[in-house]
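**Q** I'd like to ask some things about the structure below.
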Amino acid sequence: MPSRLPCRRPLPCAPEGMETGDGTPAAASPGARERSAYRFWTRDIVRFQDLDRLGHVNNVSFAIYLESGRVDFLETLNPGATAGAGVGWVIARLVLDFVAEARYPADVEIGSRIVHIGRTSCIIGQGLFIGERCFGAAESVCVWADTNAGRSQPLPADVRAALDAYHVPGAPRL
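Following the numbering used here, the numbering of the sequence shown begins with 142 at its first residue and continues without gaps.
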């Protein structure tokens with residue numbers, strides 16, 4: 142079974158796209174296909190079963206790697222929030238760019254960051270990497286919801302604070 146433990150990279154001194162301590166603008170935020178764009182990492186592997194008839198990782202597997210990273214990320218920020226019962230996260234939208242081929246065998250690293258925080262939702266930006274090469278990039282809209290009532294709810298202060306720690310203001314979008 143693959144290791145799904147997070148591989149966190151240290152936060153930069155000044156978040157990208159913001160001002161540094163002396164009031165000068167920090168460097169522009171890296172794009173979704175750059176490793177330096179991400180502050181949170183999850184590891185997975187390419188399995189033989191992930192391949193199509195040509196030996197490429199199939200489209201469904203891209204979404205599965207993203208889910209592994211997204212769930213690990215959200216569970217680290219708010220333990221129990223993806224359990225599927227009561228109040229927690231539900232995914233409302235997934236936009237995925239297939240950037241390059243991926244093949245077996247390989248280690249996959251899934252980078253995650255917050256690109257937008259709304260009243261009841263957030264947008265998670267993610268990149269799929271084998272080594273330094275990006276093979277997929279995505280954005281997921283995740284909604285804080287009461288699954289019993291079937292309704293979204295405003296983000297609680299502690300959830301918003303956890304998201305803020307990984308928020309990259311002005312991050313380039315897909």
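Glycine included, C-beta positions come from ideal geometry on N, C-alpha and C.
So which of 242, 237 and 262 has the shortest CA-CA distance to residue 274?
**A** On the sequence shown, residue 274 is found 133 positions in, with the first residue counted as 1. It is 242 whose Cα lies nearest to the Cα of residue 274.
**Q** Are the region 181 to 198 and the region 220 to 240 touching by the rule of at least three beta carbon pairs closer than 8 Å?
**A** Too few Cβ pairs lie closer than 8 Å, so no.
**Q** Hey, how far is the Cα of residue 185 from the Cα of residue 172?
**A** Mapped onto the sequence shown, residue 185 falls at position 44. Mapped onto the sequence shown, residue 172 falls at position 31. Spanning the two alpha carbons is a distance of roughly 22 Å.
**Q** Look at residue 281 and residue 261 and say whether their C-beta atoms are less than 8 Å apart.
**A** Stepping through the sequence shown from its first residue, residue 281 is reached at position 140. Stepping through the sequence shown from its first residue, residue 261 is reached at position 120. It is not a contact, given that the beta carbons lie outside the stated cut-off.
**Q** Could you say which of 252, 232 and 196 lies nearest to residue 267 if we only look at CA atoms?
**A** Working through the sequence shown from its first residue, we reach residue 267 at position 126. Of 252, 232 and 196, the residue nearest in Cα terms is 252.
**Q** Tell me which residues share the same chain as residue 249 and place their Cβ nearer than 8 Å to its Cβ, disregarding the 5 neighbours each side in the sequence.
**A** The residue you call residue 249 lines up with position 108 of the sequence shown. Closer than 8 Å at the Cβ level, and outside the excluded window around residue 249, lie 184, 185, 186, 187, 206, 243, 269, 270 and 271.
**Q** Would you kindly work out how many angstroms separate the C-alpha atoms of residue 299 and residue 199, rounded to a whole number?
**A** Here residue 299 corresponds to residue number 158 of the sequence shown, with the count starting at 1. Here residue 199 corresponds to residue number 58 of the sequence shown, with the count starting at 1. Straight-line Cα distance between these residues: approximately 37 Å.
**Q** Would you report the Cα separation of residue 97 and residue 174, rounded to the nearest angstrom?
**A** Only positions 142 to 315 of the chain appear in the structure, and residue 97 is not among them; the question remains open.
**Q** Can the beta-carbon of residue 169 be found less than 8 Å from the beta-carbon of residue 235?
**A** In the sequence shown, the residue the question calls residue 169 occupies position 28. In the sequence shown, the residue the question calls residue 235 occupies position 94. No, Cβ-Cβ distance for residue 169 and residue 235 is not below 8 Å.
**Q** Under 6 Å Cβ to Cβ from residue 162, same chain only, skipping five residues before and after it: list those, please.
**A** What you label residue 162 is simply residue 21 of the sequence shown in a count that begins at 1. Since pLDDT at residue 162 reaches only 40, below the 50 mark, its modelled position is unreliable, and the value read off the structure follows with that caveat. Contacts found: none.
**Q** Jot down the residue ranges of each uninterrupted alpha helix (DSSP H) in the region 274 to 314, minimum 4 residues, whole runs only, in chain order.
**A** Fully enclosed alpha helix (DSSP H) runs of 4 or longer: 298 to 305.
**Q** Of all the beta strand (DSSP E) runs that stay within the bounds of the region 164 to 236, which reach a length of 3 or more residues?
**A** Complete beta strand (DSSP E) runs here, min 3: 181 to 187.
**Q** Counting only beta-carbon separations shorter than 8 Å, does residue 280 have a partner in chain C?
**A** You won't find chain C in this structure, because it holds only one protein chain.
**Q** Going by beta-carbon coordinates alone, are residue 181 and residue 203 separated by less than 8 Å?
**A** Working through the sequence shown from its first residue, we reach residue 181 at position 40. Working through the sequence shown from its first residue, we reach residue 203 at position 62. No.
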